[in-house]
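Protein chains in written order, with this note's numbering: chain A, 1 to 322; chain B, 1001 to 1248.
Below is one structure, written out as structure tokens; comments come after it.
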Amino acid sequence: MSVLIYAESADGKFKKVAFELASYAKKVAESLGTTVTAVTVNAGNVSELSKYGVDKVLKVTNDKLANFNAKAYADVVKQAAQKEGAKVIVLSSTTDSLYLAPLVSVGLEAGFASNVVGLPLSTSPFQVKRTAFSNKAFNITEISTDVKVLSISKNSFGLVETASSVSEEDFAPTLNDADFSVKVESVEKTTGKVTIADADIVVSGGRGMKGPENWGMLEELASVLGAATACSKPVSDIGWRPHSEHVGQTGKPVASNLYIAVGISGAIQHIAGINSSKVKVVINTDAEAPFFKVADYGIVGDALDIVPRLTQKLKEFKANNS
Amino acid sequence: MKILVCISHVPDTTSKINFVNGDSEFDTNGVQYVINPNDEFGLTRAIWFQEQQAANVTVVNVGGPDTEPTLRKALAIGANEAIRVNATPTDGFFVAKQLAEVVKSGGYDLVICGKESLDYNGGMVPGMLAGLLGYNFVNSAVEMTVDGTSAKVGREIDGGKEIVSASLPLIIGGQKGLVEEKDLRIPNMRGIMTARTKVLTVLEPVAADNNTKAVKFEKPTAKSAVKLFSADDLDGLVSALHNEAKVI
Chain A
1 MSVLIYAESA DGKFKKVAFE LASYAKKVAE SLGTTVTAVT VNAGNVSELS KYGVDKVLKV
61 TNDKLANFNA KAYADVVKQA AQKEGAKVIV LSSTTDSLYL APLVSVGLEA GFASNVVGLP
121 LSTSPFQVKR TAFSNKAFNI TEISTDVKVL SISKNSFGLV ETASSVSEED FAPTLNDADF
181 SVKVESVEKT TGKVTIADAD IVVSGGRGMK GPENWGMLEE LASVLGAATA CSKPVSDIGW
241 RPHSEHVGQT GKPVASNLYI AVGISGAIQH IAGINSSKVK VVINTDAEAP FFKVADYGIV
301 GDALDIVPRL TQKLKEFKAN NS
Chain B
1001 MKILVCISHV PDTTSKINFV NGDSEFDTNG VQYVINPNDE FGLTRAIWFQ EQQAANVTVV
1061 NVGGPDTEPT LRKALAIGAN EAIRVNATPT DGFFVAKQLA EVVKSGGYDL VICGKESLDY
1121 NGGMVPGMLA GLLGYNFVNS AVEMTVDGTS AKVGREIDGG KEIVSASLPL IIGGQKGLVE
1181 EKDLRIPNMR GIMTARTKVL TVLEPVAADN NTKAVKFEKP TAKSAVKLFS ADDLDGLVSA
1241 LHNEAKVI
């Protein structure tokens, strides 16, 4: 019956979320008394998965799957689940996995819960905790179907190492032309920059940065931390930064380990979008800014004064700790 | 071209979120409801197709009679007609089943949903609808054009954008970018007046399973107070991030 994960990779290398899924699936498998199978698509060396408790890998290698295609990938996951008789399928919350999850769920007649933030509270009935109301609340969802599909919120479980001996098996699911009816024409991807989706640390600027010309200092701070840069909604609305950097309830969600808000007052919609981040730091001139109510650490002061000095301090810290 | 825009009726983004009846139900007391923002971007794009390419736009919602003002608002913005499936939207699969019936009987070329609603954030209805109908599907759409029977859609990917092409009929999971915030329309008086006389059809639901059930809600636990450092004590902050929070 096994627990199945789709272990995502990019350019043949596993994404960090693949290991988080494996860690999660291992615990679920233990509570169900079963094993973990991972299905991979054009991944290179799969032995890394053995560190996180995966018992078996179904390796799919197919040039037609070089570009992500939700319908085809959903078919791969569905057929892997059927082959393994998987009762629980665990997916991540990347854009790609959220795209294919509902297709997998319909294909397997499985109930689906997204934004899951912890291990099942009970497996019979099957109940999971998930975020709802844009991170302003949690909801306990019961899935009543025989097969269940879960997508796990990024960074909500973390990595848990469990050594296992992994068996590999080549797997060639049946794909048809209809699987490829949505065709990729072109891909524009920013290279050499940490993306908000992948980042462990996000440095975000608001109107307190006073103008787009001051973004260089935020980028420098981000680069010292290996962080992605983001911005508040007003900043993207007035065109200081592109919409793709807007984080918040109607922008991109952020679930990083560390979120540094610089010159952002903390409107309720902004907080909703970033609240899944583990540790929040705020730098703002206004001590009454709502962000201070949700932050772990704060400095009352002018961003333009503090950011360059903080960058310098972090440079020194990194030099002494590497 | 016949377009169906699926509308969720959700609490305004500034709403206080509370629960009643032993934390089993959302407290609607004092809550203002709006068109789900992701759906509103799609609706506005649909109206653009109506004006530029003579599309006919129907809006649909699965919900009780209390959701009709939200559908009337969509009509005031410019949709030609509205459908309400008279059922409580208890589960994403149940809602997708209802919408699949509406799509099949209406013969729509393009179905635009928001990629997720801002209440349950399930993010499953557009994909399930596509799965049930076997239609082409593009999620996280940030731009879209239609030429005859094929569409080009920009899809947000982690760290960039991908342009895909697909033939109609097509299901879209849309978001901001389909139109920009400044392009969203506030209904004018004429729109509001004409919306009153536009057709709003009420359909009874078809039988469908609920695959999931929200059994209970919780509010996040109150967090401890912020730890403040003075602007001259950046060493203190760096040390706390390293030794205490262990994030650097």
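Every residue, glycine too, gets a C-beta built ideally from N, C-alpha and C.
Do S1140/B and S1167/B count as a contact pair if the criterion is CB distance below 9 Å? Contact: no.
Suppose the cutoff is 7 Å on Cβ atoms and the five residues either side in sequence are ignored; what does the same chain contact list for E1040/B look like? L1184
Could you check which residue in K148/A, L103/A, K136/A and K129/A has the C-alpha nearest to that of L1133/B? Per the Cα distances, L103/A.
Reference P1037/B, options E1180/B, L1099/B, G1191/B and E1204/B, closest by Cα: Comparing C-alpha distances from P1037/B to each of E1180/B, L1099/B, G1191/B and E1204/B shows the shortest one belongs to E1180/B.
Neighbourhood of I283/A by C-beta distance below 6 Å, restricted to the same chain and skipping five residues each side: Take I283/A, set aside five residues on each side of it, and the residues of its chain with a beta-carbon closer than 6 Å to its own are V262, I299, A303 and I306, in chain order.
4-residue-minimum alpha helix (DSSP H) runs that sit fully inside the segment 1082-1125 of chain B, ordered along the chain: For the segment 1082-1125 of chain B, whole alpha helix (DSSP H) runs of length 4 or above, ordered along the chain, are 1092-1106.
Verify whether the separation of the beta carbon atoms of S236/A and G251/A is less than 9 Å. yes
Excluding the 5 residues preceding and the 5 following E142/A in the sequence, name in chain order all residues of the same chain whose CB lies nearer than 7 Å to its CB. Scanning its chain for C-beta atoms nearer than 7 Å, with the 5 sequence neighbours on each side dropped, one finds around E142/A the residues P125, F126 and Q127, in chain order.
Look at the Cβ atom of L1228/B, then the Cβ atom of Y297/A, and state whether they are nearer than 9 Å. yes
Chain B within 9 Å of P102/A, Cβ atoms only: yes
In the structure shown, what three-state DSSP assignment does G301/A receive? coil
Coil, strand or helix - D170/A by DSSP: D170/A falls in the strand class under three-state DSSP.
R1190/B classed as buried or exposed, judged by whether at least 16 other C-beta atoms fall within 10 angstroms: exposed
Can you grab the Cα-Cα spacing for the pair A267/A / L221/A, in whole Å? 23 Å
Are the CB atoms of S114/A and S93/A nearer to each other than 9 Å? yes
From G248/A, Q312/A and I152/A, pick the residue whose C-alpha is nearest to that of P234/A; which is it? G248/A
Three or more beta-carbon pairs under 8 Å between the segment 1228-1240 of chain B and the segment 149-167 of chain A, yes or no? no
In the structure shown, what three-state DSSP assignment does Q82/A receive? Helix, per DSSP.
Is the beta carbon of I1170/B less than 9 Å from the beta carbon of T1044/B? One detail in the question is off: residue 1170/B reads as Leu in this sequence, not Ile. Contact flag unset, no.
Note down the Cα distance separating Q269/A from A132/A, rounded to an integer number of angstroms. 14 Å
Coarse secondary structure for Y73/A, derived from DSSP in three states: helix
Going along the segment 216-241 of chain A in order, which residues come within less than 8 Å of chain B, judged by CB to CB distance? L225 and D237
Sorted by chain position, which residues of the same chain lie with C-beta nearer than 6 Å to N1018/B's C-beta, five sequence neighbours on each side aside? D1027
From which residue to which residue does the beta strand (DSSP E) around I143/A run? A137 to I143
At 9 Å on the CB atoms, spell out the chain A contacts of K1176/B, in chain order. H243, H246, T250 and G251
Minimum length 4: unbroken alpha helix (DSSP H) runs contained in the segment 1004-1068 of chain B: 1037-1053
I want to see whether chain A comes within less than 9 Å of S1230/B, judged by CB atoms only; does it? yes
Of the residues G1042/B, R1072/B and Q1053/B, which one's Cα is nearest the Cα of Y1033/B? R1072/B
Completely contained beta strand (DSSP E) runs for the segment 1152-1183 of chain B, where each covers 3 or more residues: 1160-1167 and 1170-1174
For A113/A, return the contacting residues in chain B, with the cut-off set at a CB-CB distance below 7 Å. T1212
Tell me the rounded alpha-carbon separation between D11/A and G208/A. Roughly 39 Å separates the two Cα atoms.
Residues of its chain near K16/A, where Cβ-Cβ distance is below 6 Å and the 5 sequence neighbours each way are ignored: none
Out of E1068/B, I1047/B, V1247/B and N1121/B, which one is the CA nearest neighbour of P253/A? N1121/B
Out of D1158/B, V1060/B and V1164/B, which one is the CA nearest neighbour of K1152/B? V1164/B
Residues in the segment 297-310 of chain A with C-beta within 9 Å of chain B's C-beta atoms, listed in sequence order? Y297, G298, I299, V300, G301, D302, D305, I306, R309 and L310
Within 10 Å of its beta-carbon, does D1091/B have 16 or more other beta-carbons around it, so buried, or fewer, so exposed? It is buried - the Cβ of D1091/B has at least 16 other Cβ atoms within 10 Å.
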